[in-house]
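Here's the structure, in structure tokens; my notes come after.
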Amino acid sequence: MCFVSFRPASCVLATTALLLIASAPSQAQTRAETLRYVTGSTVNTLDPNIPGSTRESFALSMSTYDRLVAFGRKQLNGKWVFDLDTITGELAESYDVSPDGLKITFRLRKDAKFQDGSPVTAEDVKWSLDRCVTAPILGKAQLLTGSLTSADQFKVIDPLTIEVTLPKPDKLALPNLATVYPLIINSKLAKEHATADDPWATAWLKEHTAGSGAYVVETFKPGEQVILKRDESWNRSTANKPAFFKRVIVQSVPEPATRANLVERGDADLVVDLQASDVQSLEAKGKLKVVSTPQYNAITYVSMNNQMPPFDNVNVRRAIAYALPYDDMFKAALFGRGAPLFGASWPDGKPPNGIYPFQQPVKLDLDKAREYLKAAGLPEGFSTTFSFNVGQAATAEPMAALVKESLGKIGIKVDIQKLPDAQMSTQINEKKLPFYTEGIVAWLPSTDYFYRNFYTGNQRWNYSSINNPDLAAIAQEARFEPDKAKYEEAGRKLNAMHFDLMPQVMLWQPNQDAVMAASIEGYTYEFHRQVDYRDVSRK
Amino acid sequence: MVKTGLGATMVRAGRRLLSSLPALFGVLVFTFLLMRVLPGDPAVFFASGPNAGKEEIELIRKQMGLDKSVPEQLVFYLSDIGRGNLGRSMMTGQPVLKDLRERLPASLELTFTALLIALIAAVPLGVIAALRPGSAVDHGVRLFCALGVCVPTFVSGLLLIYVFYYLLGLAPDPTGRIDVFASVPPQRTGFLLIDFLLAGDFEGWWAACKQLILPAVSMALFVIAPLARITRASMLVSLGSDFVRTARSVGLSWHKVVVTYALRNAILPVITIAGIVFSTMLGANVLVEKVFSWPGVASYALDALLSSDYAPVQGFVLLMAGIFVLVNLIVDVCYGIADPRVSIE
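Those sequence lines, one after another, are chains A and B. Residue numbers for the first sequence follow my numbering, so the first one is 1497 and each next one is one higher. Residue numbers for the second sequence follow my numbering, so the first one is 243 and each next one is one higher.
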């Protein structure tokens, strides 16, 4: 910047002037360089590891922190979605997996710096990963799914190299390091704020960021808005450049109709949680860009408690599966915006592949449903309740009415029960609901992961409370199966069992409808189902 | 004379305040118990990451102090309150006291403005209606009031947004107290209109004012009816009374008769109703707050209630009870000023 002929004093002056220009008030930045993203959710913590953190907090942390690795992206039906099978380096310049799959070695980027200017070292990485598996935070349960459980597994080789050791070759170890939780923290800064009771500085990190991410938190008003400023030195994007937007405003707007107005008027740039009816009318007007991606790592179910009469009888469950008015429900709840998981045809009666979730060969067929009811010894039907939570009312309420009407035709009397969100999750956790609708999401969607987490064990996410040792054994074995063909075979077996046992009915994968100004580009559907602000740019 | 009047009012106010303390304590304990009786375990709700299992639930339970027995929790809670600690919200991750302190001015500013608009509209409407009972004007006022009450605040709010923001583009975007791109004045009172004035930033003041108009009007529409109706009824009584007849017969000016004699005597019930309306508005403006993304206390409490987040709900109820007591006090004092007979006892 300064030439030799300049005297030191003038050089200082010039530098000061430059600095002043650089730090001019943010109003100087044009609207085009700012992304205004509105959401119905809120950011409640700057560290997504804190129990109770919201989805929006997850998304925010993707931009304020770096991880060792990140997911790539791919085109799916012309839309960008995250790619589980491509793991690219983020803070890691490169990584190697040993031939036996037991050691992963990461070499860090030499130019990576934290937002306070200090370099990112292997010590920081080790401290951060140790924190993730040791501290009482959310990362622990997540990393467990990738066989990462103890601080002994992370070893510093030199200041820029770190080695991760696995007890078994686990396919999910590497993808796990790209999820939200194992973020890399400036350990020196964090340790300054650690206390004897809180050695991992969880309380401090909740309100402060100590990362190396693309954006610096400028203001954080929990429940209202977060304003982010671009870190000019960050270069971890695919093009080795800083993020596009100089400023990002993440604003909570609880009313969906207001969000729709804002984006239509051009005051907001991007929104992902509009009501399906608003999306449809905005799409029809054609002024805005609408990117609809089926949430291929999320599923909406109608679940039945397999341990509770009469749903402990497989024929009752089958009867329900043939008595649901799928098409009407799909239209009424989602306006058809999603990928259906019903109405397949299996000519040979076998699942065509081993991928979960899959389309089941079920459709509305009341005669068949009546036969199954007769086989279950309940030809006259029975009474039950159908529950959903208030937060889902927009989609679940019309659905529930249709379920009630249709089941009424085969003699099943349904009472609709609308529960506040906290009550619903409590009752699900305690396995007290006989019949209800709920959704799930998996960050690392692979067949064995779905079956292990959502169809085994006496735990909350096993909505149907199914307890089938064979199914659990196959899923557990598939987890460490290195042979692709064998894995596929296990998947087919599991899918066939799912259809046969019908523990719960898969309905659909709702669309993520991202509505944005026509100038916004690069939107990608991410595993955490929110927007990664680093993906988007303006034309 | 004035001194004794004022003194008596203060004594009365003090006595009122003391007698409300047991009620406040009752509210405190009752809310505490109610929250725990309600089905719904906050720990399960907040442990909803894609992998949160039993361990996370236990962790949150411990964090929230829910692993202890209810009587124990109550003792801890009361001693915390004694030290001015209202607990921590799981939802926002902040101490409840801080949340409330930040959000209460927003709610108060909105409610005050709405009440002011309502009073400015309702009192003249009521007076006009009372002056010509049974006339077309009276029916017009009645129709207007009926419409105001019939349309729920969120409908009128959404309608106002649709017309003034979406169609005409006159109003700023309905997202909170200030434009996201504008800078906030240094916080002194928390009331943006006052803070902007103190900072001498009139442009900012106007911007904040514009943000405030739509939500305040949609709230005011809803409460104009009770205020106007009560003004009308009490004006009718007042206008038909002997002193007004006397005033008229001695040929006092219209203004003197209606405003000085009739209205001043008729205003007492209006003040009572305004006090009640204010307290209910503060708690019940949740829909307006939601529609306009207004960062107030009511929407905060509703979100907390839905997610069984105990501390904010308890804090909110305590705050509301406190405000209720305070508003009643102020109404009492206003009584004394409007009608000196009240303070004599």
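Built from N, CA and C at the ideal position, the CB exists for glycine as well. Bear in mind the structure is a predicted one, so any value in this text is a computation, not a measurement.
Item	Value
Neighbouring residues, chain B, relative to isoleucine 1795/A (Cβ below 7 Å)	Ordered by position in chain B, no residue passes the 7 Å Cβ test against isoleucine 1795/A, which lies about 12 Å from the chain.
Cβ neighbour criterion (16 or more within 10 Å) applied to proline 1999/A	buried
9 Å Cβ cutoff met for lysine 1687/A and tryptophan 1623/A	yes
Test item: CB-CB of asparagine 1802/A and phenylalanine 1931/A under 9 Å	no
Straight-line Cα distance separating cysteine 576/B from histidine 497/B	23 Å
Sequence-distant residues of the same chain with beta carbon closer than 7 Å to threonine 2020/A, five excluded per side	Arg1569, Trp1576, Val1577, Phe1578, Asp2028, Asp2031
Extent of the continuous alpha helix (DSSP H) run through isoleucine 436/B	434-441
is_contact[valine 2032/A, chain B] using C-beta, thresh 9 Å	no
Contact check, valine 1746/A vs leucine 1556/A, beta carbons under 9 Å	yes
Proline 1632/A versus alanine 1692/A: straight-line alpha-carbon distance, rounded	15 Å
Where tyrosine 1677/A falls: helix, strand or coil (DSSP)	coil
Candidates Gln305/B, Met333/B, Asp551/B, Pro511/B: closest to serine 480/B by CA position	Pro511/B
Chain B residues whose Cβ lies nearer than 8 Å to that of lysine 1914/A	None at all; the shortest Cβ gap to chain B is about 12 Å.
Chain B within 9 Å of asparagine 1925/A, Cβ atoms only	yes
Cross-chain neighbours of glutamate 2022/A in chain B, by beta carbon under 8 Å	Here the premise fails: no neighbours, minimum Cβ distance about 13 Å.
heavy atom of the ligand GTP below 8 Å from lysine 1864/A C-beta	The model depicted lacks the ligand GTP and carries no ligand whatsoever.
Proximal residues of chain A, C-beta to C-beta of serine 541/B below 8 Å	Pro1750
Within 9 Å, strictly: CB atoms of threonine 1933/A and alanine 1710/A	no
Amino acids of chain A, ordered along the chain, whose beta-carbon sits closer than 7 Å to that of isoleucine 403/B	Thr1754, Asn1757
Sufficient close CB pairs (3 or more, under 8 Å) joining the stretch 1611-1623 of chain A to the stretch 1652-1664 of chain A	yes
Close-in-space but distant-in-sequence residues of the same chain around glycine 1635/A (CB under 8 Å, 5 per side omitted)	Asn1545, Arg1627, Cys1628, Val1629, Tyr1677, Pro1678
Residue-chain proximity (isoleucine 2037/A, chain B), Cβ-Cβ < 9 Å	Here chain A covers residues 1497 to 2035 and nothing more, so residue 2037/A does not appear.
Bridge partner(s) assigned by DSSP for glutamate 1659/A	Thr1601/A, Lys1651/A
CB contact check: glycine 411/B to chain A, cutoff 9 Å	yes
Integer-rounded CB distance, given that glycine 1839/A should sit under 8 Å from tyrosine 1822/A	6 Å
Cβ separation of serine 1748/A and glycine 1707/A, assumed to be a contact under 8 Å, to the nearest whole Å	Not a contact, Cβ separation roughly 22 Å.
Boundaries (first-last residue) of the alpha helix (DSSP H) holding phenylalanine 485/B	484-491
Nearest neighbour of arginine 1975/A, chosen from Leu1990/A, Asp1996/A, Pro1843/A [CA to CA]	Leu1990/A
Assigned secondary structure, threonine 1541/A (DSSP; H/G/I helix, E/B strand, else coil)	coil
Distance, alanine 1896/A Cα to leucine 1869/A Cα	21 Å
Proximity test, Cβ basis, 9 Å: alanine 526/B and chain A	no
Exposure of alanine 1981/A, with buried meaning 16 or more beta-carbon neighbours within 10 Å	exposed
CB of arginine 1563/A within 9 Å of CB of leucine 1580/A, strictly	no
Helix, strand or coil at arginine 1563/A according to DSSP, with G and I counted as helix	coil
Per-residue contacts from tyrosine 408/B into chain A (C-beta, under 7 Å)	Asn1757, Arg1761
Residues bridged to methionine 2002/A (per DSSP)	Tyr1797/A
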